[in-house]
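Residue numbers (our numbering), protein chains in the order written: chain G, 3 to 102; chain E, 728 to 965; chain W, -18 to 469. What follows is a single structure, written as structure tokens, with notes after it.
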């Protein structure tokens, strides 16, 4: 139970960090902490009663969740890199149709 | 907007979000504490059906058999993310700077060990904790270490061999699933007699794809970094 | 495991075929476009066949892996998912047909095709899913492919919009996943129908309701958490904008609808009223913002924010039989009309080199088919007969009257007037005369006609609506059918 509460705490702390984040990298890190929180809840609740065998279904859900989180994180990092690379290329704003 | 105003706004936003998140935490914690203590899940059902699944480890049975469809889709997610990254990839991979003797010799000792560990995890996944994702992750990590240590061979995987390795996992799932449907059974319903073999084959294919996709994601990020330092090179170089 | 009756495998092909096509399109870039178009055609046939099957035999369950829920994952098809699958196939087919010529005029590479195929697979899988966790995986596949398509535009603002979309959607799915975790640990199952049987209103169910609704509202761009939509939908390449606005943004609403009938069936009215109020605000706010926009694609994107509001009017009216019918017909109408408008806007952008509303001179003379597509789509969005949107709004108003809640009817009518204002604003500029040249070769006939075909379908949807409405049972009926179809 303590672990699942800790998971929720991680989720909430990171949620606040995402809401307030201005830098993409900070937001990406916060989102990853959030997902760790969710996974912690899933795994912790899978073994609520000491001594019993853990429920395998939440474990499988965590593995699936981790893979999804990795994919999304990789995409977010590359998007951030594109954003930075474009900053030094001022031509984007000059193309026709780019005006407001 | 003047600066003091902006500061007040920022402080308000910080305070507001802290308050909101605290409320969310209180609500969730209350919900969590109210959960029944006795387990309600599918653990018993999984255990009862385990003998027919072809996997002795219940987590593997859930991942590859009971909920194999989720796993199929999740490999699709992984492949899709890599394709998305490919569309945004710019710049060339440049050889790493001199990694130093320590990293180089560590890599040459550790890479083979990691290969063996990955193989063991893949094999053990049938009966103990382990499986395709863990093995694929370790293989990818070995590849990353080799790249960082200056070895060129992980990058030599390109063109057709690379593409085949990328799609191997998802194709294997689809082929098995469709073959079963054409045989008159439900999608991904393995015959009990061959289930263990099918799961092993699926796990091997998935391991290869996962390892290669993860490694290639890393290389793409590395490329992005290289192309960015290009633009600022004149400032950073002494 | 028993042998299955013929025809029941359509649900499998609807998911497997786009996935397999994506792999082939990735391996063989030269035939990628042909593969994608062939797949879209096949999806249309398969969706129609499935719709026919569920119309005749009633809702249909398919146990993947042969285990059956709750241990395995089930697919579930009923007339609601059937018609949505059909309209998804139609919109994808027209959009991909359009994309062939569109992409030839951009620097976008052949990876567009496998990614759009993954998007179609995710959409179909989501519409057919009957499992709370499987819905999470399909939502992720859908969001990531949508983000990938937005980022194809490769200009600063598109990349920034894609990143914002991605982060918002990850946070939203994590909230959804935490909700799933709570539901699972309360009821011990993930199958929606089984959840409906076992779920009781404990604090954990409440928390799950809050988390999942909030997550889906972010993904579905409900006011006031729609902040990511205007950028992502307007800076994306035009065919992508069409797919996103017509289909992708409806998917989270569909999930919420399913949850509303299964685990959250007994949710108190206040929650529904809150969602309806946010929907009403979305209609007003989105329309006002659309009126203020200087760029055509941003105007259409804000119009989507407003139109999504109509969908959420369903929740306060859910007691009435015609609310579900209305919202379904509305989804179909909006999908067709909005796709037509974005495709038409793409044509104008390609020919004029910009999409500033003030400078849309001569569009009427040089691009008549394109403008006709936009105008017809706009008429549908206004909700004039015989469009599907008209029927949808009519049924929503009927539901409001049936429940004696006139306020919602007023919102529906007011939203229609506001949308008329912004559509006419664009048309007014398009008919003005100016000497600036228009390069009509920027949009070949195939692109203009693809948009026009969709607009025409949207307009005539009202004519076919009667049989459609009969297909979609009342809420009570659907819920009962959902439960009874679980019998082995």
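Idealized CB from N, CA, C, for every residue including glycine. Note that the structure is a prediction, hence the values are computed from the model and not measured.
{"Asked": "Closer than 7 Å to chain W by CB, residue 916 of chain E", "Found": "yes"}
{"Asked": "Where residue 257 of chain W falls, given that 16 or more other Cβ within 10 Å makes a residue buried", "Found": "buried"}
{"Asked": "Residue 802 of chain E in three-state terms, based on DSSP", "Found": "helix"}
{"Asked": "Cross-chain neighbours of residue 21 of chain G in chain E, by beta carbon under 7 Å", "Found": "744"}
{"Asked": "Neighbour-count burial assignment, residue 55 of chain W, 16 or more Cβ in a 10 Å radius", "Found": "buried"}
{"Asked": "Where residue 405 of chain W falls, given that 16 or more other Cβ within 10 Å makes a residue buried", "Found": "exposed"}
{"Asked": "Residues of its chain near residue 247 of chain W, where Cβ-Cβ distance is below 8 Å and the 5 sequence neighbours each way are ignored", "Found": "182"}
{"Asked": "Own chain partners of residue 310 of chain W with C-beta closer than 6 Å, once the 5 adjacent residues on each side are dropped", "Found": "369, 372, 373 and 446"}
{"Asked": "Members of the stretch 72 to 85 of chain G near chain E, C-beta cut-off 8 Å", "Found": "72, 73, 74, 76, 77, 79, 80, 81, 83 and 84"}
{"Asked": "Beta-carbon separation (whole angstroms), residue 28 of chain G vs residue 19 of chain G, contact threshold 8 Å", "Found": "7 Å"}
{"Asked": "Distance CB(residue 81 of chain G)-CB(residue 60 of chain G) smaller than 7 Å", "Found": "no"}
{"Asked": "Cα-Cα separation between residue 253 of chain W and residue 238 of chain W, rounded to whole angstroms", "Found": "11 Å"}
{"Asked": "Between the CA atoms of residue 933 of chain E and residue 895 of chain E - distance to the nearest angstrom", "Found": "7 Å"}
{"Asked": "Member of E:815, E:794, E:830 and E:869 whose CA lies at the smallest distance from the CA of residue 900 of chain E", "Found": "E:794"}
{"Asked": "According to DSSP, residues forming a beta bridge with residue 30 of chain G", "Found": "Beta-bridge pairing links residue 30 of chain G to no other residue."}
{"Asked": "Three or more C-beta pairs below 8 Å linking the stretch 123 to 134 of chain W and the stretch 14 to 33 of chain W", "Found": "no"}
{"Asked": "Where residue 911 of chain E falls, given that 16 or more other Cβ within 10 Å makes a residue buried", "Found": "exposed"}
{"Asked": "Cutoff 6 Å; reference residue 16 of chain W; Cβ partners in own chain excluding five residues on either side", "Found": "2, 5 and 6"}
{"Asked": "Three-state secondary structure (DSSP) of residue 734 of chain E", "Found": "helix"}
{"Asked": "Counted within 10 angstroms of its Cβ, other Cβ atoms place residue 739 of chain E as buried (16 or more) or exposed", "Found": "exposed"}
{"Asked": "Test item: CB-CB of residue 320 of chain W and residue 290 of chain W under 7 Å", "Found": "no"}
{"Asked": "Where residue 51 of chain W meets chain E, residues with beta-carbon distance less than 9 Å", "Found": "769 and 772"}
{"Asked": "Proximity test, Cβ basis, 7 Å: residue 812 of chain E and chain G", "Found": "yes"}
{"Asked": "Start-to-end residues for the alpha helix (DSSP H) that takes in residue 146 of chain W", "Found": "137 to 168"}
{"Asked": "Close beta carbons around residue 202 of chain W, own chain, < 8 Å, minus the five adjacent residues each side", "Found": "209, 210, 230, 285, 286 and 289"}
{"Asked": "Check: residue 802 of chain E C-beta below 6 Å from any heavy atom of the ligand HEM", "Found": "Questions concerning the ligand HEM fall outside what the structure shown contains, since it holds no ligand whatsoever."}
{"Asked": "Chain G contact residues for residue 178 of chain W, given Cβ-Cβ distances below 9 Å", "Found": "Under the 9 Å cutoff, chain G gives no residues; its nearest Cβ is about 18 Å from residue 178 of chain W."}
{"Asked": "Endpoints, alpha helix (DSSP H) assigned at residue 176 of chain W", "Found": "173 to 179"}
{"Asked": "Through-space distance from residue 77 of chain G to residue 91 of chain G, alpha-carbon basis", "Found": "Residue placement at residue 91 of chain G is flagged as unreliable, the pLDDT there being 46, under the threshold of 50; a coordinate-derived value is accordingly withheld."}
{"Asked": "Below-7 Å beta-carbon distance, residue 37 of chain W vs any chain E residue", "Found": "no"}
{"Asked": "CB contact below 7 Å: residue 214 of chain W versus chain E", "Found": "no"}
{"Asked": "Where the alpha helix (DSSP H) through residue 62 of chain W begins and ends", "Found": "60 to 85"}
{"Asked": "is_contact[residue 198 of chain W, chain G] using C-beta, thresh 7 Å", "Found": "no"}
{"Asked": "Neighbour list for residue 11 of chain G in chain E, Cβ cutoff strictly below 7 Å", "Found": "752"}
{"Asked": "Interface residues of the stretch 123 to 140 of chain W facing chain G [CB-CB below 9 Å]", "Found": "124, 125, 128, 129, 132, 135, 136, 137, 138 and 140"}
{"Asked": "Chain G contact residues for residue 740 of chain E, given Cβ-Cβ distances below 7 Å", "Found": "22"}
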